[in-house]
Amino acid sequence: MGTNFPLAGANILVTRPKAQAIAITKMLVEKGAEIVLMPMIEVVSAVDEICDEKVIVEQDMMIFVSRNAVTHFKAGVMFKLSSRTRLVAIGSATARCMEEKGLRVDIMGPTPAGSESLLALPEMQTVVGLKVMIIRGESGRELLADTLKLRGANIRYLEVYKRCLPNYKAEEITRACMADTIIVTSVTGLENLCHLISNHMIKHKLLIVVSGRIKQVAIKLGFQHIAVTDDVSNTAILDCVVENRTR
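Per this note's numbering, the very first residue in the sequence shown carries number 724; after that it's consecutive.
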């Protein structure tokens, strides 16, 4: 196998939402892989449910938990945010998206991106009495809110998008089952994959995930060969695929 094409012969199922899958798909193809793009989450805007300007501008802190949260928030909020409100990114990818959308980044969670890493920052310890708004999709994790509540913050959610299970034809599902490696970047995506594809053989394929939390869910679901990336970046995903495919 040539060093320039270490993934030659690999058939990889990418389950990320389409917009987020473009970059990693391109990187995998450049390394010789054949890609089956089959998003396990369809992101639907909920901008009609955005709360009013007065509520948003009075927040002391606003936490964006994903790039989708940033994108759909900006689609629904046209007014300028208060300069006194600290804007927080869950990690570097979300921070880049905020900057691209014209939002400043006052606080950024360290690697590996996630609620646990963000909550460990000194800035997130002293929040007694602060009004904190968490910008997220419908029915996200509760750890961030629950922990900040225990630290004395007043929490409010702003759910700007919904996650839905896409519809696929039988032949598309059959093609997905032919993949030898699967990339999953969220618990919801993994659960949707198992709901959509009942063939137990997918649980014997190499599964690449981006966090220990997803790995634990995958173990409970019966997956046998799981590798965890160093972080959530596309580079880390690519490196993990190459490392585990060329052993």
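Just so it is clear, CB atoms sit at the ideal spot from N, CA and C, and this is done for glycine as well.
All values reported here derive from a predicted model rather than from experimental measurement.
Counted within 10 angstroms of its Cβ, other Cβ atoms place residue i as buried (16 or more) or exposed
{"i": "C963", "result": "buried"}
{"i": "A902", "result": "buried"}
{"i": "S862", "result": "exposed"}
{"i": "I942", "result": "exposed"}
{"i": "M724", "result": "Caution is warranted here: a pLDDT of 47 is assigned to M724, below 50, making its placement in the model unreliable, and no coordinate value can be reported."}
{"i": "R968", "result": "buried"}
{"i": "C820", "result": "buried"}
{"i": "V851", "result": "exposed"}
{"i": "Q743", "result": "buried"}
{"i": "M801", "result": "exposed"}
{"i": "T748", "result": "buried"}
{"i": "G732", "result": "exposed"}
{"i": "P762", "result": "buried"}
{"i": "G875", "result": "exposed"}
{"i": "L844", "result": "exposed"}
Residue range of the unbroken alpha helix (DSSP H) whose run includes residue i
{"i": "K777", "result": "E776 to V780"}
{"i": "I920", "result": "From DSSP, I920 is part of no alpha helix (DSSP H); its letter is neither H nor E."}
{"i": "N791", "result": "R790 to G799"}
{"i": "R898", "result": "A893 to C900"}
For residue i, the residue or residues it bridges with in DSSP
{"i": "K854", "result": "N877"}
{"i": "S768", "result": "Y884"}
{"i": "L760", "result": "V737"}
{"i": "G860", "result": "Y884"}
Unbroken beta strand (DSSP E) run spanning residue i, endpoints
{"i": "I905", "result": "T904 to V907"}
{"i": "N734", "result": "N734 to V737"}
{"i": "F787", "result": "M784 to F787"}
CB contact flag (residue i, residue j, <8 angstroms)
{"i": "I906", "j": "V737", "result": "yes"}
{"i": "F796", "j": "I858", "result": "yes"}
{"i": "F787", "j": "I813", "result": "yes"}
{"i": "A893", "j": "I920", "result": "no"}
{"i": "V910", "j": "I937", "result": "yes"}
{"i": "Q782", "j": "K854", "result": "yes"}
{"i": "R809", "j": "M847", "result": "no"}
{"i": "V955", "j": "V932", "result": "no"}
{"i": "A972", "j": "G860", "result": "There is simply no residue 972 to check, as the chain begins at 724 and stops at 970 in what is shown."}
{"i": "R790", "j": "A816", "result": "yes"}
{"i": "L944", "j": "C917", "result": "yes"}
{"i": "L751", "j": "L961", "result": "yes"}
{"i": "S840", "j": "L866", "result": "no"}
{"i": "L826", "j": "M856", "result": "no"}
{"i": "L804", "j": "V766", "result": "no"}
Ignoring anything shorter than 3 residues, give me the beta strand (DSSP E) runs that lie fully in the segment 809-855, in order along the chain. 809-812
Extract the residue ranges of the alpha helix (DSSP H) inside the segment 928-961, only unbroken runs of 4 or more that lie entirely within it. 935-944
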